[in-house]
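See structure below.
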Amino acid sequence: MRGLGVLGVFISVAVIVSVVTAGFYLYQRAEEAGLPNDPVEIFEEARASERGLDAKRIADAIFAYTVDNKGQLPAAISSEPTCIGSAVECVSLEVLVREGYLRHMPTDPFDANSIKTAFMVYKRNDGRIVVEVIGENNQVIKEVR
């Protein structure tokens, strides 16, 4: 055995160059599309997406509860924005879990152990329900039903 030989080295170099070129091309395409390439930004975007989906689930559950209960909202919802959770100052929406509208009450993906979620709920003057959450970069994610 004398090693790789000229052909083996040539093939190895060609494969490495191809992989690097493809990586560089994909990196440029991501930059052009405005996609984050920083891992911290990617995780922040993922948590923001999760918050948005959770806000939608809560708003949908409140809407379904209201329809099933002849227009009655869960008792604790008022016109003042109030946090959702089990803390004293928060609104408890466990009725939505107990009656099957939600499998579990969503928590903030950044702090899942908190007794109050990052979600706020209130009823607007026009009767619509708003569920909103403020993300890590102070972006407001809002769902209206």
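Using my numbering, read the sequence shown as starting at 297 and increasing by one per residue.
Don't be surprised by glycine CBs; every beta carbon is placed ideally from N, CA and C.
Given 8 Å, three or more beta-carbon pairs between the region 352–368 and the region 326–342:
no
With Lys438 as the anchor, note down where its beta strand (DSSP E) starts and where it stops.
436–440
Tyr397 and Ala371 closer than 7 Å at C-beta
no
Judging by CA-CA distance, which residue of Ile312, Arg353, Leu369 is the nearest neighbour of Arg420?
Leu369
What's the call for Pro402, buried or exposed, on a 16-neighbour Cβ count within 10 Å?
buried
Beta-ladder partner(s) of Phe442, from DSSP:
Past the boundaries of the shown model lies residue 442; the chain is included only from 297 to 441, so the question cannot be answered.
What does the Cβ neighbour count give for Ile437, buried or exposed, with the cut at 16 atoms within 10 Å?
buried
Taking a contact to mean a Cβ-Cβ separation below 7 Å, would you say Arg347 touches Gly431 in this structure?
yes
According to DSSP, Ile380 sits in a beta bridge with which residue or residues?
Val387
By the 10 Å Cβ neighbour count, where 16 or more other Cβ atoms means buried, how is Glu327 classified, buried or exposed?
exposed
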